[in-house]
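>
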Ligand SMILES: [Zn+2]
Ligand SMILES: [Zn+2]
């Protein structure tokens with residue numbers, strides 16, 4: 080059994096990921112956002128061993144162009160349904176009703192915490208606060224294995240509680256270092272927007288969340304949507320590792336998602352993990 084998230088591109092220049100699930104009988108591959116050129120997505124997917132033109136479904140987090148840019152084209156080429164909130168569509172020509180109709184794409188609506196299935200994979204959208212509202216992160220379930228993907232959120236409030244319980248592979252936004260943002264090239268109003276409650280998670284916010292609320296089941300962590308101007312992979316990794324240490328999760332494999340290269344995050348069956356990896360109850 081396999082459940083994994085592969086980020087192909089991450090950051091404000093474009094986001095795209097694949098979710099691969101195989102329960103031993105049926106295999107599904109889902110494209111999650113496509114804000115990069117189709118050719119790049121095809122090549123990167125091929126690097127990871129997948130055919131981007133043959134995905135079984137397409138999933139959209141929110142309407143910002145770095146996520147939605149080629150989402151309709153991706154669904155059309157794969158002849159796959161596009162799962163998106165209705166209000167996340169139609170913000171530009173590429174996701175307009177006319178384009179959806181012309182390309183004969185079937186849009187299936189998603190809603191907060193309303194799970195749906197694609198083959199053996201169960202998908203739960205979780206609405207998060209972001210200035211590209213409505214915006215969703217996703218929890219993926221395959222026979223007891225759980226993975227989750229959350230980028231573009233101003234606060235972690237929606238993740239507190241049982242949302243990430245049992246998640247072993249997590250992709251989480253580490254957008255900016257607050258000092259780099261405040262002393263960086265962005266104008267003040269944009270700085271405020273990014274740092275605000277409907278903006279993006281800072282290293283400190285994401286790491287603080289992990290320190291307090293990281294699930295004991297966590298094994299692999301991807302740091303996503305790093306700002307090119309206001310962050311470095313080194314700062315994000317240092318913050319994440321400090322947060323995980325505070326949570327007592329020193330063995331979590333952590334990597335920063337590259338801007339345009341494949342990174343793989345594999346879920347494990349936590350219930351069957353080796354005794355020294357046993358999740359602690361608290
Ligand atoms: Zn974004
Ligand atoms: Zn956004």
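Residue numbers (my numbering): 80 to 361. Ideal Cβ positions, reconstructed from N, Cα and C, are used throughout, including at glycine. As the structure is a prediction and not an experimental result, all values here were calculated from the model.
1) Counting Cβ pairs, one atom from each stretch, are 3 or more of them under 8 angstroms apart for the segment 120–130 and the segment 234–243?
2) DSSP state of residue 194, grouped into three classes?
3) Whole-angstrom Cβ separation of residue 150 and residue 134, contact assumed at under 8 angstroms?
4) Taking residue 306 as the reference, which of 317, 279, 319 and 325 has the closest Cα?
5) Please list the terminal residues of the continuous alpha helix (DSSP H) segment that includes residue 268.
6) Determine the DSSP secondary structure at residue 118, reduced to helix, strand or coil.
7) Residue 98 to residue 109, Cα distance in whole Å?
8) Given residue 142, which residues of its chain have a CB within under 6 angstroms of its CB, disregarding the five upstream and five downstream residues?
9) Is DSSP giving residue 201 helix, strand or coil here?
10) Thinking residue 341 and residue 87 are a contact (beta carbons under 8 angstroms), I'd like their distance in whole angstroms, please.
11) Any chance you could list the beta strand (DSSP E) runs of at least 3 consecutive residues sitting entirely within the segment 237–316, in chain order?
12) Could you have a look at residue 156 and say whether DSSP puts it in helix, strand or coil?
13) Among 102, 84 and 103, which residue has its Cα nearest to the Cα of residue 112?
14) Report, in whole angstroms, the separation of the C-beta atoms of residue 107 and residue 154, which I expect to be a contact under 8 angstroms.
15) With a cut-off of 8 angstroms on the beta carbons, I'd call residue 289 and residue 319 a contact; round off their distance for me.
16) Please work out which residues of its chain come closer than 6 angstroms, Cβ to Cβ, to residue 303, disregarding the five sequence neighbours upstream and downstream, and give them in chain order.
17) Looking at the structure shown, is residue 361 part of a helix, part of a strand, or coil, going by DSSP?
18) Could you please give the first and the last residue of the uninterrupted beta strand (DSSP E) stretch that includes residue 187?
19) Please state whether DSSP places residue 89 in a helix, a strand or coil.
20) Taking its Cβ as the centre, do 16 or more other Cβ atoms sit within 10 Å of residue 359, making it buried, or is it exposed?
According to the data block:
1) no
2) The residue you call residue 194 lines up with position 115 of the chain shown. Looking at residue 194 - three-state DSSP - the assignment turns out to be coil, as it is neither helix nor strand.
3) Start at 1 with the first residue of the chain shown, and residue 150 comes out as number 71. Start at 1 with the first residue of the chain shown, and residue 134 comes out as number 55. Cβ atoms of residue 150 and residue 134 stay farther apart than 8 angstroms, at about 11 angstroms.
4) To locate residue 306, count along the chain shown from 1; it is residue 227. With distances taken between Cα atoms, residue 306 lies closest to 279.
5) Taking the chain shown and counting its residues from 1, one reaches residue 268 at position 189. Looking at the DSSP string, the run of the alpha helix (DSSP H) that includes residue 268 is 267–274.
6) In the chain shown, residue 118 corresponds to position 39, counting from 1. Residue 118: helix per DSSP, three-state reduction.
7) Position 19 of the chain shown holds residue 98. Position 30 of the chain shown holds residue 109. Computed Cα separation, rounded: 5 angstroms.
8) As a position in the chain shown, residue 142 is number 63, starting the count at 1. Answer for residue 142: 167, 170 and 211, listed in chain order.
9) As a position in the chain shown, residue 201 is number 122, starting the count at 1. If DSSP states are grouped into helix, strand and coil, residue 201 belongs with the strands.
10) Here residue 341 is taken as the residue at index 262 of the chain shown, counted from 1. Here residue 87 is taken as the residue at index 8 of the chain shown, counted from 1. Correct: roughly 6 angstroms between the Cβ atoms.
11) 248–252 and 299–303
12) Position 77 of the chain shown, counting from 1, holds the residue named residue 156. Residue state, collapsed to three classes: helix.
13) Residue numbering aside, residue 112 sits at position 33 when the chain shown is read from its first letter. That would be 84, whose Cα lies nearest to the Cα of residue 112.
14) As a position in the chain shown, residue 107 is number 28, starting the count at 1. As a position in the chain shown, residue 154 is number 75, starting the count at 1. Going by Cβ atoms, the distance from residue 107 to residue 154 rounds to 15 angstroms, so no, they are not a contact pair.
15) Taking the first residue of the chain shown as position 1, residue 289 is located at position 210. Taking the first residue of the chain shown as position 1, residue 319 is located at position 240. Between residue 319 and residue 289 the Cβ distance is about 7 angstroms, and since that is below 8 angstroms, they are a contact.
16) Translated into the one-based positions of the chain shown, residue 303 becomes position 224. For residue 303, where only same-chain residues beyond five positions count, the Cβ hits under 6 angstroms are 89, 230, 250, 252 and 336.
17) Walking along the chain shown from the start, residue 361 turns up at place 282. Its pLDDT being 44, under 50, residue 361 is placed unreliably by the model, and nothing is read from it.
18) As a working mapping, residue 187 is identified with position 108 in the chain shown. First-last of the beta strand (DSSP E) with residue 187: 186–188.
19) By one-based count along the chain shown, residue 89 stands at place 10. The answer is coil: DSSP assigns residue 89 none of H, G, I, E or B.
20) For the purposes of this step, residue 359 is taken as the residue at position 280 of the chain shown. Note that residue 359 scores 47 on pLDDT, short of 50, meaning its location in the model is unreliable and no value can be drawn from it.
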